[in-house]
Amino acid sequence: MKIYNTMTRKKEDFEPVEPGKVRMYVCGPTVYNYIHIGNARPMIVFDTVRRYFEYKGYDVNYVSNFTDVDDKIIKKANEEGVDASVISERFIKEAQKDMEGLNVKEATHHPKATEEIGGMIDMIQTLIDKGHAYNADGTVYFRTRSFNGYGKLSKKNIDDLEAGHRSIAVTGEEGKEDPLDFVLWKPKKEGEPSWPSPWGEGRPGWHIECSVMSKKYLGDEIDIHAGGEDLIFPHHENEIAQSEAANDHTFAKYWMHNGFLNIDNVKMSKSLGNFFTVREISEKYDLQVLRFFMLSAHYRSPLNFSADLMAASKNGLERILTAVDRLKELKGTDGQIRADEKAVVEQTEALVKKFEDAMEDDFNTADAVSAIFEMVKLANVSVTEDSSAGLIGLVRTKIETLCDVLGIITDRKQEILDGEIEALIQERQEARKARNFARADEIRDMLAKQGILLEDTREGVKWKRA
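Residue 530 in my numbering is what sits at position 343 of the sequence shown, and the numbering runs on without skipping anything.
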């Protein structure tokens with residue numbers, strides 16, 4: 188199996204730190220709002236990587252964090268007049284709903300930054316003791332030049348970086364020894380959450396959070412660290428510096444980064460009005476379509492989101508589901524696979540190998556999907572009512588198994604009837620009157636999963652199929 192390593196800029200054979208096991212850390216979202224489709228790409232891509240390792244028999248320890256203390260969370264909390272934890276907990280739950288809709292498997296561990304403050308303080312103290320960090324009036328900085336090799340992931344030259352910095356006086360960080368030094372611990376500000384530390388009340392910097400959570404749940408050296416390519420610098424570069432300086436170990440053997448997601452060939456941004464949350468997309472499409480779309484290109488390539496491409500993905504997914512439905516309905520003849528069916532078996536096995544070869548070439552999901560389409564075509568042409576039950580079962584199982592590796596669900600949602608919808612809406616209305624909001628939300632979510640969207644209006648509740 189070959190993986191493109193951002194550190195070396197080439198494909199390398201995968202050799203785990205510990206045979207048969209994969210330790211994998213993926214940077215998760217900052218939970219101050221609904222996750223957007225840019226967040227969804229690494230979630231889907233690296234969930235698929237994890238699924239393939241598991242398919243090949245590896246024991247995968249998959250860690251993906253929630254950043255639940257951050258300036259954006261604090262800003263939203265202040266706007267709403269609530270504690271920052273209210274915002275983070277709300278949007279962790281919403282992120283988990285969206286991840287379930289995208290069929291992203293639950294991580295082995297989903298640590299929250301606020302629950303790991305003690306470990307962060309310990310690592311910062313270790314860095315101070317080793318001369319890699321210093322306290323400047325309650326702000327602790329990492330001494331960037333103390334780490335030999337800073338810039339090795341992003342291929343940035345440290346002297347060029349310094350030339351590009353404004354003066355310390357302009358940034359208002361007079362306590363810094365060097366403009367390149369980055370924050371490990373921030374002193375408390377009014378209206379912000381804080382924790383006691385040897386350097387005074389405050390909160391951690393962003394970069395130290397992932398280093399500590401990775402160390403706690405995966406150990407000093409991990410196999411794969413992954414995330415979007417926007418995290419290469421400074422986040423992942425800083426993680427390497429502080430982790431390797433503190434632990435005296437290579438931090439990660441392989442670095443994987445997915446490419447950017449554009450909207451109609453333009454970078455996604457709120458200011459351009461082309462910013463979509465996963466929740467908004469779920470009102471127009473089944474989220475399985477979004478997942479299928481995300482896997483239609485190689486993960487390192489830029490990916491363009493558009494209505495036309497989503498329509499093509501919907502059609503492609505429908506082809507697969509229809510083929511599986513047909514195989515489920517075929518009874519065939521009794522008995523095991525016959526001698527005259529061996530050619531179809533061999534073709535099926537060849538396509539499984541084609542799928543695996545694509546996945547083992549740096550997880551080329553586009554080619555893997557192509558192999559599934561070829562298997563669907565083979566099934567449609569060569570598997571009929573005259574086929575043995577053994578052949579029908581084999582081909583169907585192979586398609587379902589390969590789809591499962593990609594996180595594609597082949598079981599169609601059961602069609603919900605209009606009368607059932609009306610009854611559930613009535614039950615939801617009664618639950619709301621009784622202030623049983625948990626049940627009301629449960630019904631809304633249940634209907635949403637069935638592709639039924641509710642809208643509360645002055646005239647009452649209206650519904651439509653997505």
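All C-beta atoms in this analysis are idealised placements derived from N, C-alpha and C, irrespective of residue type, glycine included.
So, under 8 Å CB-CB, residue i and residue j are touching, yes? Tell me the CB distance rounded to an integer number of Å.
i: Thr254; j: Gly215; result: 7 Å
i: Pro229; j: Asn445; result: 5 Å
i: Ile345; j: Arg332; result: 7 Å
i: Ala264; j: Ile279; result: At roughly 14 Å, the Cβ-Cβ gap does not stay under 8 Å, so Ala264 and Ile279 are not in contact.
i: Arg615; j: Ala627; result: 5 Å
i: Ala576; j: Gly638; result: 33 Å between Cβ atoms; not a contact.
i: Leu145; j: Glu379; result: Nothing can be reported for residue 145: it is not among the residues displayed for the chain, which extend from 188 to 653.
i: Val250; j: His296; result: 5 Å
i: Tyr486; j: Ala428; result: Not quite, the Cβ-Cβ distance comes to about 26 Å (not below 8 Å), so this is no contact.
From residue i to residue j, what distance separates their C-alpha atoms?
i: Tyr221; j: Asp285; result: 9 Å
i: Leu517; j: Asp605; result: 29 Å
i: Ile630; j: Arg599; result: 20 Å
i: Asp573; j: Lys402; result: 57 Å
i: Phe233; j: Ile468; result: 20 Å
i: Asn290; j: Val531; result: 31 Å
i: Asp473; j: Glu267; result: 32 Å
i: Val563; j: Thr535; result: 10 Å
i: Phe624; j: Arg525; result: 58 Å
i: Lys342; j: Ile419; result: 10 Å
i: Ile608; j: Ala618; result: 15 Å
i: Asp544; j: Arg583; result: 20 Å
What residues match up with residue i in a beta bridge as DSSP calls it?
i: Leu490; result: Leu448
i: Lys454; result: Asn449
i: Tyr328; result: Tyr321 and Val370
i: Ala439; result: Ile409
i: Ile639; result: Arg652
i: Thr464; result: His223
i: Ile190; result: Glu199
i: Asn434; result: In DSSP, Asn434 forms no bridge with anything.
i: Thr254; result: Thr217
i: Tyr249; result: Met211
i: His296; result: Val250
Should residue i go down as buried or exposed, given a rule of 16 or more other Cβ atoms within 10 Å for buried?
i: Lys137; result: Look at the range of the chain in this structure, 188 to 653, and you will see that residue 137 is not part of it.
i: Val269; result: exposed
i: Asn502; result: exposed
i: Pro489; result: exposed
i: Met211; result: buried
i: His423; result: buried
i: Ala294; result: buried
i: Thr552; result: buried
i: Phe550; result: buried
i: Val737; result: Here the chain comprises residues numbered 188 to 653, so residue 737 is not present and cannot be evaluated.
i: Gln475; result: buried
i: Asn248; result: buried
i: Pro391; result: buried
i: Met481; result: buried
i: Gly389; result: buried
i: Ser458; result: exposed
Might you give, ordered along the chain, the residues of its own chain that have their beta carbon closer than 6 Å to the beta carbon of residue i, omitting 5 neighbours on each side?
i: Thr193; result: Trp442 and His444
i: Val327; result: Ile311, Ala320, Leu371, Trp372 and Trp386
i: Lys440; result: Asp410
i: Leu477; result: Ile468
i: Glu408; result: Val204, His436 and Thr437
i: Met400; result: Asn252, Pro298 and Glu303
i: Val209; result: Pro203, Phe240, Tyr245, Val247 and Asp410
i: Tyr404; result: Val250 and His296
Give me, in chain order, the residues of the same chain whose beta-carbon lies closer than 7 Å to that of residue i; leave out the 5 immediate sequence neighbours on both sides.
i: Tyr242; result: Val592
i: Val357; result: With a pLDDT of 37 at Val357, under the threshold of 50, the modelled position of that residue is not reliable, and no figure is offered here.
i: Ser456; result: Phe462
i: Leu508; result: Thr597 and Arg599
i: Phe479; result: Ser500, Gly503, Leu504 and Ile595
Take residue i and list the residues in its own chain whose beta-carbon comes closer than 8 Å to its own, dropping the five residues that flank it on each side.
i: Glu561; result: Leu538 and Lys541
i: His223; result: Met455, Phe462, Phe463, Thr464 and Val465
i: Tyr239; result: Met546, Phe550 and Val592
i: Leu589; result: Val539, Phe542, Ala555, Ala558, Ile559 and Met562
i: Leu578; result: Gly519, Ile524, Arg525, Glu528, Val531, Val532 and Val570
i: Phe447; result: Gly225, Gly415, Glu416, Asp417, Lys454, Pro489 and Leu490
Does chain B have any CB closer than 9 Å to the CB of residue i?
i: Leu508; result: No chain B is part of this structure, which consists of one protein chain only.
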